[in-house]
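When you line the sequence shown up against mature numbering (1 follows the signal peptide of the UniProt record, and there is no 0), it's residues -27 to -1, 1 to 296, in that order. Data first, discussion second: the structure below is written as C-alpha cells.
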Amino acid sequence: MPMLKQMGMLLLMTCIYLLPILTAAHAQPQAPLPSWQDTANKKAIISFVQSVSTKGSPDFVPREQRVATFDQDGTILIEKPLPVQYEHIFRFFEEPKPDPKLALVGRKPGEWANIGSGSLLAYQYMTLPEYSENAIKFVKENDHPTCRVPYFDLFYAPMLELIQYLRANKFRVYIVSGSWQIFLRSVAKAKLGLRKSHFIGTQTGLVDFPANTFPLRIAGTIDNNLLNLNMGKPKNIQIQIGEKPILAFGNSSSDVAMLQYASTNSHKSLSLWLEHDDAEREYVYPSEITGEKDWLKISMKNDFAKVFDKVNGEQVTCGLLPQ
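Following this line, the structure appears as C-alpha cells:
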C-alpha cells in the first residue's frame, strides 16, 4: 500500500507539473490576420505594427499617437452598385410616406443626382436614435441585389480582422468616410463596436425642435464646409482627432489626401489602398489611385484569403455588377 500511495502521489505531481505546459501549448495564440493570404503585403503590415508598438524598437510610437484611419465605402464595406447609405435612402423613398414633400426628392429611374443635402429631407426632424434604429434595421433586413445577403454581412472580413489587430496593439482606430456621420455612427458602429467619437463623416445639420428642447433632431441639411471627401478628410481628422495618423487605408481618389497626410507623419507611417480586382468573389473596378513610394496596393484577389464571412454556413459571392 505505501508503494501504491507513493506511485499515486508521483502521478499526481507529474500531472500538476505538466498541466500548465499542455494548456499553454493548446492555447497558443492564432497567427495575426488569418483571413489574409501569406503574401508580402501581409508581412509588411505585421512588421509595421510590430515595429511601432514594441518598446525599444527604433520606430516605436507612443500609444496616444498610434492612430489609424480607414475609409468606409469600398474599404471596409461593399460600395457597389451604390454605397449602402444611398441604398438606404432610396429604399426609404420607395416606401409609402405621409409627407408629400418627399416626392420632390424621390428616386427617378436612372437618376440619383440629388442624393446630397436634398435627400436628408427624408429624415428631417427624426431624432438620432430614431435614425439609427431605421438604418440598422435596413442593413440587417434587406439583401444586396447580387450578393443576396443582408448589407450588414458585407463588411470585408480581412479588414475587420485588421482593425481588431490594430486595436489589440493599442492603436486608436477611426473610420473616416464621405458617408454621413450619423450613418457611420449607426451601422458601422453596430458592426465594429468603436465609440461614436471614432466615426468621422460628412456632417449633417442638427436642430432643436421645438426650440430650446431635447433631443436634438436631424435638420435636413448638410454642412458643406465639412464635407468629408478629398482634402476634407485631413481637415476633419485634425479637427476631430487632433493627431496625424500613422496608418491610413482607402480605396479611391477621394482617399488620396488622407493617405498623403499619413505619409507626412514624422513617425514611421503606412498608407494602403484596396484594389477591387476579384471578379469571382466581389467586383472589378478601378481605384483611381496610382500610389506613392512605399504605399501598399492591397489586392482583393491576391491578398484576401476570403472576402466575406460565411452567412448561414454559405460562402458569399457577388457576381457581376447590375447594368
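Quick reminder that beta carbons are idealized off the backbone N, C-alpha and C, glycines included. Please read all numbers here as calculations on a predicted model, not as lab measurements.
Practice prompt. Specify the secondary structure class of residue 158 as computed by DSSP and reduced to three states.
Written response: helix
Discussion item. Please report the straight-line C-alpha distance between residue 153 and residue 177, rounded to a whole angstrom.
Written reply: 7 Å
Practice prompt. Out of 260, 255, 266 and 163, state which residue places its alpha-carbon closest to the alpha-carbon of residue 278.
Written response: 255
Discussion item. What residue range does the beta strand (DSSP E) around residue 276 cover?
Written reply: No beta strand (DSSP E) contains residue 276, which is instead part of the alpha helix (DSSP H) from 273 to 276.
Worksheet entry | Close-in-space but distant-in-sequence residues of the same chain around residue 77 (CB under 7 Å, 5 per side omitted) | Summary for residue 77: the model assigns pLDDT 38, below 50, so the residue's position carries little reliability, and this model does not support an answer.
Fill in: Unbroken alpha helix (DSSP H) run spanning residue 19, endpoints
13 to 26
Worksheet item: When the Cα of residue 99 is compared with those of 126, 11, 155 and 280, which residue comes out closest?
Response: 155
Item to complete: Quick one: give me the first and last residue of the beta strand (DSSP E) that residue 145 is part of.
Response: 145 to 153
Fill in: Opening and closing residue of the beta strand (DSSP E) in which residue 243 lies
243 to 250
Practice prompt. Pick helix, strand or coil for residue 52, following the three-state DSSP scheme.
Written response: coil
Practice prompt. Identify, in the order they occur along the chain, each residue of the same chain with its Cβ nearer than 6 Å to the Cβ of residue 174, setting aside the five sequence neighbours on each side.
Written response: 150, 152, 153, 154, 157 and 201
Worksheet entry | Cβ pair residue 193, residue 50 closer than 9 Å | no
Item to complete: Quick one: residues in its chain with C-beta nearer than 8 Å to the C-beta of residue 25, no 5 flanking neighbours on either side, listed in chain order?
Response: 32, 33, 34, 39, 219, 240 and 241
Discussion item. Just to confirm the assignment, what range does the alpha helix (DSSP H) spanning residue 136 have?
Written reply: 130 to 141
Worksheet item: For residue 336 versus residue 115, is the C-beta spacing smaller than 9 Å?
Response: Because residue 336 is not part of the residues shown, which for the chain are -27 to 296, the question remains open.
Worksheet item: Taking Cβ to Cβ, would you say residue 280 is nearer than 9 Å to residue 131?
Response: yes
Worksheet entry | Whether residue 261 touches residue 226 by CB criterion (9 Å) | yes
Worksheet item: How many angstroms separate the CA atom of residue 186 from the CA atom of residue 180?
Response: 9 Å
Worksheet item: How about residue 289 and residue 160: do their beta carbons lie closer than 9 Å?
Response: no
Worksheet item: Taking Cβ positions, are residue 128 and residue 164 nearer each other than 9 Å?
Response: yes
Discussion item. Helix, strand or coil for residue 106? Go by DSSP, reduced to three states.
Written reply: helix
Worksheet item: Under the three-state reduction of DSSP, which class applies to residue 254: helix, strand or coil?
Response: coil
Worksheet entry | Burial state of residue 291, where buried means 16 or more other Cβ atoms lie within 10 Å | buried
Worksheet item: Who are the Cβ neighbours of residue 30 in its own chain at under 7 Å, not counting the five residues just before and after it?
Response: 24
Worksheet item: Just to confirm, are residue 222 and residue 48 a CB contact at a threshold of 9 Å?
Response: yes
Discussion item. Considering only DSSP beta bridges, list what residue 222 is partnered with.
Written reply: 43 and 245
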